[in-house]
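Quick note on full-length UniProt numbering: the sequence shown kicks off at 1 and runs consecutively. Down below is the structure, laid out as structure tokens.
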Amino acid sequence: MATITTNTLSLTTRQHQTRVNDQLSNAIERLSSGLRINSARDDAAGQAMANRMQTNLNADRQISRGMSDGISLAQTAEGGLDRINDLLQRGRELAVQSANGTLSDPDRATLNQEFLSLRAEIDRISGSTEIFGKTPLAGEAALTGIKLGDTPHVVDVFDDGSQSYSSGVKAIAYVPAGTTNFTLNINSYNQDDDIQLFTTDGKHLIGTPVNGTSDYTWTHNGITDGATATTQLLNTSDGFDPGATYDDSQFVDATGSYSRPGAAATNNYNGMTIGYSGDGDRTAPATDPEFNNGRLNGSETSETVETLTVDNVTENLILFMSGEGSFTASASWDTLPGTYMKDPNAAASSDTDIVMSADYGSAMSTLTIKATPSDSKSLGIDNTALDPIEKAREAMAELDNAILKVDDYRSQYGAAQNRLEGAIDTVSDKRTITSAAQSRIMDADYAQESSRMTRARIISDAANAMLAQANQVPDAMLSLLK
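Next comes the structure, spelled out in structure tokens:
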């Protein structure tokens, strides 16, 4: 039907022209972006699939970096263990030499001195082997750095409320400056043990007068006939060495919770009581010295209990107990500033989890690198000595066990490195395959899109020409009216 008011041909031509222009626009967008899917309207399902793939690719990239860091940690730890192994081998060589009956006592003492130096170096290496803020070889956190003669002493932090002690000199309490009314009750089954009190800078407070104005008093009642009632003086001339300085950045609070550097607790703990258990000996001091670090007094509460009280403490104090066997003691205070210092040098080692897979919608899998504490205490040689000859012969077995433990640790790190290297290769292959799959979904096919653009452009030009012709049809209708 011939009409003037409605140009059907023009409308139809414009419709086709709009469609082909959309096709041309899509082709140009894909060619300019390089992507087949530029928005969800292009392919909603494909866009969702590609997005999940991208999630996995991002995770895999980070996993590869994390596993590379895990390899670095294992290599660092193995390097420290290699050095510790060399020291243990040298120590065992010295033990074999010291066990020879042809050596004189001075010669054996010299060998023992070298062994003690080796043991100290083992502790230094275990505490200083660090990477990413972790110390994989560090032993159990404990207060160290106080040394009497050649024997380092540890203040054990009593996480479970009790602590037993073996024979010898033990550091049983750390009393920080600012403490008020700190009381230590010691239950002993014998009466020849020795209580020693030092400041952390090495001043001896019990048995030796120290200049000051505060009073120190000690009373000990109930000593049986024949019991020793003297105090052994331990000072610098007797071999006392204050040892390493304290690093206040490592703490543990009275509940056994750790705080890392920069996050040390500073609260006061009021009215808390912590106990030790065991059996042991005692010796009452023979003098009443004065010092300027707080008021000390002691009293006997029963035939087997003696009480030591420290009040208004102005310097950090260390309390030592020595004797045969073990003993029972409890400590209480009104105010205990800060926290118990547990490790002046390094944090305890802990397990390290390395993420090996974390795909979208799947459970994360990890490789755990177990803690390998390699200090002398963890290796079982903290009490090893090469003098006298009996100790030297015992030392060989103890060092054999330590070497075996280090070998086991090194094999763990070697296995972890091999597994992580294999896992990195696997993740790399997976990333390649996933990237290829994502590319097939997301990326534009330039050959195809170029053809579509050329086709759309030709059709668009033709549509423009036909639209011009269609718009001239009404003019033909006018000729009928002439």
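Where a beta carbon is used, it is the ideal one built from N, C-alpha and C, also for glycine.
Cβ pair residue i, residue j closer than 8 Å
i, j, result
"I403", "L118", "no"
"S451", "S64", "no"
"G414", "E130", "no"
"A423", "V20", "no"
"L35", "A447", "no"
"P474", "I4", "yes"
"S376", "Y409", "no"
"A109", "M396", "no"
Counterpart residues of residue i in DSSP-defined beta bridges
i, result
"I131", "K134"
"I369", "T352"
Local conformation of residue i per DSSP, three classes
i, result
"I459", "helix"
"D400", "helix"
"L480", "coil"
"L35", "strand"
"D443", "strand"
"D43", "coil"
"N464", "helix"
"G79", "helix"
"L9", "helix"
"T3", "coil"
"S376", "coil"
"S98", "helix"
"T454", "helix"
"D105", "helix"
"T426", "helix"
"P474", "helix"
"A436", "helix"
"D387", "coil"
"I63", "helix"
"I84", "helix"
"I381", "coil"
"S237", "Summary for S237: the model assigns pLDDT 31, below 50, so the residue's position carries little reliability, and this model does not support an answer."
"L24", "helix"
Option in the options with minimal Cα separation from residue i
i, options, result
"R393", "T426, L94, Q62, L481", "L94"
"A456", "I4, T12, L9, I28", "I28"
"L367", "N401, D375, Q417", "Q417"
"A401", "L480, R419, S378, S479", "Note that residue 401 corresponds to Asn in the displayed sequence, not to Ala. Per the Cα distances, S378."
"Q412", "L399, Q75, R30, T3", "Q75"
"S365", "A371, L420, T13", "L420"
"R440", "L31, S128, E398, A50", "A50"
"T454", "Q23, T6, D375, I84", "Q23"
"E449", "R30, T8, L481", "R30"
"A371", "D69, K391, N85, P136", "P136"
"S460", "S68, L478, T18", "T18"
"E426", "M67, L11, R41", "Correcting the residue identity first, residue 426 is Thr in this sequence and not Glu. Here the closest residue by C-alpha is M67."
"L81", "R124, A397, H16", "R124"
"I122", "S25, M396, G70, G91", "G91"
"G133", "L11, D69, R108, L111", "D69"
"S128", "S98, T102, I84", "I84"
"D7", "L481, L480, A476", "According to the sequence shown, residue 7 is Asn rather than Asp. That would be A476, whose Cα lies nearest to the Cα of N7."
"N56", "S104, Q438, G101", "Q438"
"R52", "Q97, M466, M442", "M442"
"T352", "S10, R14, L73", "L73"
"I381", "S479, K430, A120, L103", "A120"
"I71", "L480, I369, K405, D107", "I369"
"K430", "Q54, T102, G101", "Q54"
"N26", "S479, L478, R14, R41", "R41"
Contact the region 387 to 400 vs the region 106 to 120: 3+ CB pairs below 8 Å: The region 387 to 400, when compared against the region 106 to 120, does touch it at the 8 Å Cβ threshold.
For the region 43 to 59 and the region 465 to 472, state whether three or more C-beta atom pairs, one from each stretch, are separated by less than 8 Å. With a cut-off of 8 Å, the region 465 to 472 and the region 43 to 59 do not count as touching, because too few Cβ pairs lie within range.
For the pair the region 433 to 447 and the region 52 to 60, tell me if three or more CB-CB distances fall below 8 Å. Note that the region 433 to 447 touches the region 52 to 60; at least 3 beta-carbon pairs, one per stretch, sit closer than 8 Å.
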